[in-house]
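Residue numbers (the working numbering): 182 to 417.
The beta carbon of each residue, even a glycine, is placed where N, CA and C say it ideally should be.
Remember, it's a predicted structure, so these values are computed and weren't measured experimentally.
All remarks here apply to the structure that follows.
In structure tokens:
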């Protein structure tokens, strides 16, 4: 397995439609899928703003746009806002169970409802099992599936990778009928607390995009660090 950035092989895609900004073209930099990557290298790439989707590690590489900004929460400095604290308390009755697989019907049924009702305008609709498993699973043994139950009913799943310096929030899906619980917010707060308990420094949130409502919410968590001009700085 490769742990060195010097040995890394990457390639750039042809321009394609941007998934986040209308009427924009995007270019993506991918780590060669034939390139062996271990957890150490995966962690180094995350520090450089890379992200994973399934077994593919990528980073936006657009010539005319820098809207997609890698973001992470420094967990030791994080202080929840009043509304976030209320959401945290509201969900303390949930039971969490960690699993290594996500191929069961219970999890996929929840994902299917979530995508169908919350993201029917996105490129993951209609939800298909093959795409779901390819997107959320990985070849690395650092991926965890944290399931949250309300009186025996599965209401949320957080897909989380453990890195050397933090946790990476890959994706969360939840019961769209449980809007009062604000489960998406709770999942991030729970991951921040989990990273703190594990002695890790960061929760990586993926890309913060100011102009995209589905991605701009990440600035609700402060302090938030963003990767710009090859260094991490605190978002003002």
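Beta-carbon proximity check, residue i vs residue j, cutoff 8 Å
| i | j | result |
| --- | --- | --- |
| residue 230 | residue 196 | no |
| residue 402 | residue 283 | no |
| residue 240 | residue 351 | no |
| residue 412 | residue 272 | no |
| residue 235 | residue 288 | no |
Beta-carbon proximity list for residue i, same chain, < 8 Å, skipping 5 on both sides
| i | result |
| --- | --- |
| residue 200 | 207, 303 and 304 |
| residue 237 | 211, 212 and 214 |
| residue 209 | 193, 194, 197, 239, 240, 241 and 242 |
| residue 390 | 201, 202, 248, 249, 250, 396 and 397 |
| residue 348 | 341, 342, 372, 375, 376, 379, 381, 383, 384 and 385 |
Coarse secondary structure for residue i, derived from DSSP in three states
| i | result |
| --- | --- |
| residue 230 | coil |
| residue 198 | strand |
| residue 316 | helix |
| residue 286 | helix |
| residue 297 | helix |
| residue 207 | strand |
| residue 411 | coil |
| residue 403 | coil |
Neighbourhood of residue i by C-beta, 7 Å cutoff - its chain only, sequence neighbours within 5 removed
| i | result |
| --- | --- |
| residue 292 | 308, 313 and 354 |
| residue 202 | 248, 392 and 393 |
| residue 300 | 306 |
| residue 373 | 254, 256, 259 and 384 |
| residue 265 | 366 and 370 |
Cutoff 8 Å: residue i Cβ touching any chain B Cβ
| i | result |
| --- | --- |
| residue 229 | As a matter of chain content, chain B is missing from the structure shown, which is built from one protein chain. |
Close Cβ partners of residue i (< 6 Å) along its chain, the five nearest in sequence each way excluded
| i | result |
| --- | --- |
| residue 269 | 370 |
Do the segment 241 to 254 and the segment 316 to 334 touch if we need at least three Cβ pairs shorter than 8 Å?
-> no
Count the C-beta pairs between the segment 342 to 352 and the segment 216 to 236 that are closer than 8 Å, then say yes if the count reaches three, no if not. yes
Original post:
Which runs of the beta strand (DSSP E), 3 residues or longer, sit entirely within the segment 238 to 283?
Top reply: 250 to 255 and 276 to 280
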